[in-house]
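Here's the structure we're looking at; comments come further down.
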Ligand SMILES: [Fe+2]
Ligand SMILES: [Fe+2]
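Residue numbers (the working numbering): 12 to 263.
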């Protein structure tokens, strides 16, 4: 039940992430030099704009998901989670707004929704989930994909708007992953038998859809010189490590 005056010391780790979330706020309009050159030629810029598309939609899906699960924590009187998720909602809003600004600055477009059914299916899988732990696990997988992707942009376009933006977003995504791993660990301890098969089904579906999205963007991936095997291999290894930390034992 919702609590009027909850004890906020029930989960110090989540409160620490909440406080880091407050301290780590930043404003895309002022921290990025939007007038700096993009560091890309016209063809590469177009490819980057197309490649960012699933992550761009993902920021909006994450924002909407926070709004779905936050009331569940509120109803269960889990105040630290509720506070933390409020900062995460603002993070995702900022990422979305920053990418919107990046598209306009670079004068490129995302892939239109109707030309990218695989992306719609990927995000629909997340949007249809109502249970907070299942959603959090799906968002963790998206965050791992985002980390890999933003990590590549931050490294390759350091000193340019996209690279600097990615470096800022990466710090926020690190907090999101830490929260998901911690909170899912608690959920698995309580309801592991019930949650594990649903999470593994989510993992299999999302990884499969991620690879289908890649097929759609293969030419853009090649234009930007990304090695897809190394890219997906790192995502799967990272997820495997996190599954172990969470306690999803049938992850192999
Ligand atoms: Fe994000
Ligand atoms: Fe995130």
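Quick reminder that beta carbons are idealized off the backbone N, C-alpha and C, glycines included.
Given the structure is predicted, the values throughout are model-derived calculations rather than measurements.
Which of the three DSSP states is assigned to residue 93 in this structure? The residue given as residue 93 occupies position 82 in the chain shown. In the three-state reduction of the DSSP assignment, residue 93 falls in the helix class.
Taking DSSP as the reference, what is the three-state secondary structure of residue 140? The residue given as residue 140 occupies position 129 in the chain shown. In the displayed model, residue 140 falls within coil according to three-state DSSP, outside both helix and strand.
What do you reckon, is the C-beta of residue 257 under 7 Å from a heavy atom of ligand 1? Locating residue 257 in the chain shown gives position 246, counting from the first residue. No, the beta carbon of residue 257 sits no closer than 7 Å to any heavy atom of ligand 1.
Could you tell me which of 212, 19, 43, 260 sits nearest to residue 105, measuring between CA atoms? Position 94 of the chain shown, counting from 1, holds the residue named residue 105. With respect to the C-alpha of residue 105, the residue from 212, 19, 43, 260 having the closest C-alpha is 43.
Given 8 Å, three or more beta-carbon pairs between the stretch 85-101 and the stretch 66-77: Enough Cβ pairs lie closer than 8 Å, so yes.
Length of the line joining the Cα atoms of residue 246 and residue 141: For the purposes of this step, residue 246 is taken as the residue at position 235 of the chain shown. For the purposes of this step, residue 141 is taken as the residue at position 130 of the chain shown. Using only the alpha carbons, I get a separation of about 25 Å.
Ligand 2 and residue 90: does any heavy atom of the ligand fall closer than 7 Å to the residue's C-beta? The residue you call residue 90 lines up with position 79 of the chain shown. Residue 90 Cβ: outside cutoff for every heavy atom of ligand 2.
Does ligand 2 have even one heavy atom less than 7 Å from the beta-carbon of residue 173? Here residue 173 refers to the residue found at position 162 when the chain shown is read from its first residue. Shortest gap from the CB of residue 173 to any heavy atom of ligand 2: 7 Å or more.
Within 10 angstroms of the Cβ of residue 254, are there 16 or more other Cβ atoms? Answer buried if so, exposed if not. Taking the first residue of the chain shown as position 1, residue 254 is located at position 243. Classification of residue 254: buried, given that the 10 Å Cβ count is 16 or more.
I need the straight-line Cα distance from residue 170 to residue 176, nearest angstrom please. Counting from one through the chain shown, the residue named residue 170 turns up at place 159. Counting from one through the chain shown, the residue named residue 176 turns up at place 165. Pairing residue 170 with residue 176, the inter-Cα distance amounts to about 10 Å.
Let me know the alpha helix (DSSP H) ranges lying completely inside the stretch 160-224, each 4 residues or longer, listed in chain order. The alpha helix (DSSP H) runs of length 4 or more contained entirely in the stretch 160-224 do not exist; there are none.
Taking all protein chains shown into account, do 16 or more other C-beta atoms lie within 10 angstroms of the C-beta of residue 182, making it buried, or fewer, making it exposed? Your numbering for residue 182 matches position 171 in the chain shown. Exposed, because fewer than 16 other Cβ atoms sit within 10 Å of the Cβ of residue 182.
Of all the beta strand (DSSP E) runs that stay within the bounds of the stretch 34-100, which reach a length of 3 or more residues? None, since the stretch 34-100 contains no complete beta strand (DSSP E) of that length.
For residue 39 and residue 120, I'd like the C-alpha separation in whole angstroms. Translated into positions along the chain shown, residue 39 becomes position 28. Translated into positions along the chain shown, residue 120 becomes position 109. Between residue 39 and residue 120, the C-alpha separation is close to 19 Å.
Can you check which of these residues, 212, 238, 217, 14, is closest to residue 90 by C-alpha distance? The residue labelled residue 90 in the question sits at position 79 within the chain shown. Of the candidates 212, 238, 217, 14, the residue whose Cα lies closest to the Cα of residue 90 is 14.
Is the distance from the Cβ of residue 215 to the Cβ of residue 155 below 8 Å? Taking the chain shown and counting its residues from 1, the one referred to as residue 215 is at position 204. Taking the chain shown and counting its residues from 1, the one referred to as residue 155 is at position 144. Contact: no.
Inter-residue CB distance, residue 81 and residue 93 (contact presumed, cutoff 8 Å): Walking along the chain shown from the start, residue 81 turns up at place 70. Walking along the chain shown from the start, residue 93 turns up at place 82. Beta-carbon to beta-carbon, residue 81 and residue 93 are separated by about 6 Å, close enough to satisfy the 8 Å threshold.
The stretch 123-130 in contact with the stretch 224-231 per 3-pair CB rule at 8 Å: Touching, yes.
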